[in-house]
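Worksheet: the structure to be examined is printed underneath.
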Ligand code: MG
């Protein structure tokens, strides 16, 4: 519902020639909160309680094809893409929660009013990356979450696979080294670049993306001066560990 309202607003804004206001995305959930931890289900709930646009989280695939939510490739000395899920399923993350599976994470997300910003982490081979994207898209469709899940990845291959399998979704590339027009040709409809890329190296990419109808997200913005600069530069989304500070500046 939130997405439909935002789309309608974006359409009106487009007709009137004005840009929608910057929106806030919690980086790895709103984890700087009581009882929370990065990429925990609690951090997702806290992000929704804070009434943010979205909550970002990282997805990796085990060697036997199970999707789990974790940032680092390794957990307790085990390399996730080289380990079968049965060895990981009893592990706990920092706040005591079980290592979340993508399925459980999405189940919780479905009950909340927040966009789910799914980062597909690069994997050791193209075959594994293709399999992970196929499994992710299948799960998202099966759960009826196509409008609530948006995708980001550092892997150009994973972005291209997403563009093939779910072309109507929001898909943004993270690696900061490709101009928006080049991505658009591949069916990738957003950039989500490091703040240094958009503040210093290629500020012109914001307008280039907008002129092509692409969204602009920027990470990870935790300094107030940079939040202000990027709001003035009219980025669509700021991804941050300090979501309440950005919200305050937008008031
Ligand atoms: Mg991430």
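In our numbering, the protein residues as written are 740 to 990. Heads up, the beta-carbon is just placed ideally off N, CA and C, and yes, glycines get one too.
Leaving out five residues on either side along the sequence, give the residues of the same chain with a beta carbon under 7 Å from the beta carbon of residue i.
i	result
residue 766	795, 958, 959, 978, 979, 980
residue 834	774, 775, 776, 779, 781
residue 755	Unreliable positioning characterises residue 755 in this predicted model, as indicated by a pLDDT of 49, which lies under 50. The coordinate reading is nonetheless provided below. There are no such residues.
residue 872	859, 897, 900, 901, 904
residue 993	Lying outside 740 to 990, the shown extent of the chain, residue 993 is not represented and no answer is given.
Going by C-alpha to C-alpha distance, which of the options sits closest to residue i?
i	options	result
residue 971	855, 937, 775, 865	937
residue 902	883, 863, 925, 887	925
residue 851	838, 821, 790, 881	790
residue 861	799, 900, 849	799
residue 759	984, 780, 987, 955	955
residue 964	988, 941, 983	988
residue 775	916, 910, 831	831
residue 1045	887, 940, 841, 762	The question about residue 1045 has no answer here: the residues shown for the chain are numbered 740 through 990.
residue 933	906, 961, 950, 947	961
residue 941	869, 763, 916, 949	916
residue 865	894, 882, 853	894
residue 890	881, 914, 929	929
residue 883	969, 815, 846	846
residue 804	816, 827, 881	827
residue 844	969, 806, 990, 949	806
How many whole angstroms separate the CB atoms of residue i and residue j, which I take to be in contact at a CB cut-off of 8 Å?
i	j	result
residue 966	residue 923	The Cβ separation is near 27 Å, so there is no contact.
residue 892	residue 858	6 Å
residue 878	residue 842	6 Å
residue 853	residue 935	So it is not a contact: roughly 27 Å between Cβ atoms.
Return the chain-ordered list of same chain residues with a C-beta closer than 8 Å to the C-beta of residue i, the five sequence neighbours on each side being excluded.
i	result
residue 772	781, 782, 785
residue 822	801, 802
residue 945	937, 955, 972, 973, 974
residue 867	800, 820
residue 813	819
residue 797	767, 778, 808, 809, 810, 858, 860
residue 906	926
residue 885	879, 905, 907, 908
residue 920	947, 951
residue 918	941, 944, 947
residue 870	800, 804
residue 817	826, 827
residue 1035	Given a span of 740 to 990 for the chain in the structure shown, any question on residue 1035 remains unanswerable.
residue 815	830
So, for residue i: in the same chain, excluding its five sequence neighbours on each side, which residues have a beta-carbon less than 6 Å away from its beta-carbon?
i	result
residue 904	876
residue 769	782, 785, 786, 789, 982
residue 898	892, 910, 912, 927
residue 839	780, 808
residue 855	848, 887, 888
residue 863	820
residue 931	891, 911, 913, 956
May I ask you to list the residues that DSSP assigns as paired with residue i?
i	result
residue 889	856
residue 795	856
residue 802	DSSP, once it has assigned bridges, lists no residue as partnering residue 802.
residue 765	794, 979
residue 929	911, 954
residue 780	None; residue 780 has no bridge partner.
residue 813	818
residue 807	799, 840
Could you pull out every unbroken beta strand (DSSP E) segment of at least 3 residues lying fully inside the stretch 838–871, listed in chain order?
854–859, all fully within the stretch 838–871.
Quick one: which unbroken beta strand (DSSP E) runs of 3-plus residues sit fully inside the stretch 931–977? Chain order, please.
954–958
What ranges does the alpha helix (DSSP H) occupy inside the stretch 872–924, keeping only unbroken runs of at least 4 residues that lie completely in it?
895–904, 919–924
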